[in-house]
Amino acid sequence: THTRGNQSKAARVLGINRGNFTKKLNQITTREFG
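Each residue of the sequence shown is one higher than the one before, counting from 808 in the numbering used here.
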């Protein structure tokens with residue numbers, strides 16, 4: 808990916824804080840693969 812797996816950087820790029828980003832990412836991965 809564009810941020811090489813760096814979640815803090817990805818969250819900054821998306822304009823959200825890292826906690827929300829991680830939560831959102833977990834929701835997406837759980838829905839897709841869980």
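Ideal placement from N, C-alpha and C gives every residue a C-beta, glycine not left out.
Just so it is clear, the structure is predicted and the values come from calculations on it, not from any experiment.
Which whole-angstrom value describes the C-beta separation of residue i and residue j, a residue pair presumed to lie in contact below a C-beta threshold of 8 Å?
i, j, result
"Thr842", "Val820", "Only positions 808 to 841 of the chain appear in this structure, which leaves residue 842 out of reach."
Note down, in chain order, each residue of its chain lying with its Cβ closer than 7 Å to the Cβ of residue i, except the 5 sequence neighbours on either side.
i, result
"Asn824", "Ala818"
"Thr829", "Gln814"
"Ile839", "The residue you asked about is not Ile; residue 839 is Glu in the sequence shown. Nothing listed; no residue qualifies."
Give me, in chain order, the residues of the same chain whose beta-carbon lies closer than 8 Å to that of residue i; leave out the 5 immediate sequence neighbours on both sides.
i, result
"Lys831", "Ile823"
Please go through the same chain and pick out, in chain order, the residues whose beta-carbon is closer than 6 Å to the beta-carbon of residue i, but skip the five residues on each side of it.
i, result
"Arg815", "The sequence given here places Ser at residue 815; Arg does not occur at that position. Hits under 6 Å: Arg825."
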